[in-house]
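Asker:
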């Protein structure tokens, strides 16, 4: 019976060793500071991995595993998005692993927004102006350069041969 207990205890202790990894001794990478700035200053800057602030500022982000973007927004200016490249270099026994960001600091120049587009107005037919009663009567204006057709004399008949 004692043998069975010793064999079971040895088996359990060896099973625990199979899940052991040296990665458990590595600490989590420290958060990184990202400097954000814009022209003009005062824009809202938001990273694609979460945190944001009003420029000029600095945000703390967890060490990124992949590239990310920063979007700058400000009223009366067009939004701008800046891609940020993450470069990781593994460490060895003499130096720790490093992570670098490009560009650093992240800067965006915001362009003024143009005037809002004008709405296209539909063409409407022009209203006809009503003529005053005196001008509408035929023959009322005998001194007019062009008399009304109804007031003109009928054409004379051509002589026949």
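In this note's numbering, the protein residues as written are -4 to 156.
We put the CB at the ideal spot given by N, CA and C, even for glycine.
Got a sec? Which residues, its chain only, sit under 6 Å from residue 158 by beta carbon, not counting five neighbours each side?
Answerer: Not covered by the structure: residue 158. The range shown for the chain is -4 to 156.
Asker: If you run the structure through DSSP and keep just helix, strand and coil, what is residue 119?
Answerer: coil
Asker: What is the residue span of the beta strand (DSSP E) that residue 109 lies within?
Answerer: Note, residue 109: premise wrong, no beta strand (DSSP E); not H, not E.
Asker: Would you mind reading off the limits of the beta strand (DSSP E) that contains residue 78?
Answerer: Going by DSSP, residue 78 is part of the beta strand (DSSP E) stretching over 75 to 84.
Asker: Drop a sphere of 10 angstroms on the beta-carbon of residue 125, count the other beta-carbons inside from all chains shown, and report buried for 16 or more, exposed for fewer.
Answerer: Only exposed fits residue 125, as fewer than 16 other CB atoms lie within 10 angstroms of its CB.
Asker: DSSP has residue 56 in a bridge; who is on the other side?
Answerer: 27
Asker: In the DSSP output, which residue or residues are listed as bridge partners for residue 32?
Answerer: 102
Asker: Tell me the rounded alpha-carbon separation between residue 80 and residue 97.
Answerer: 5 Å
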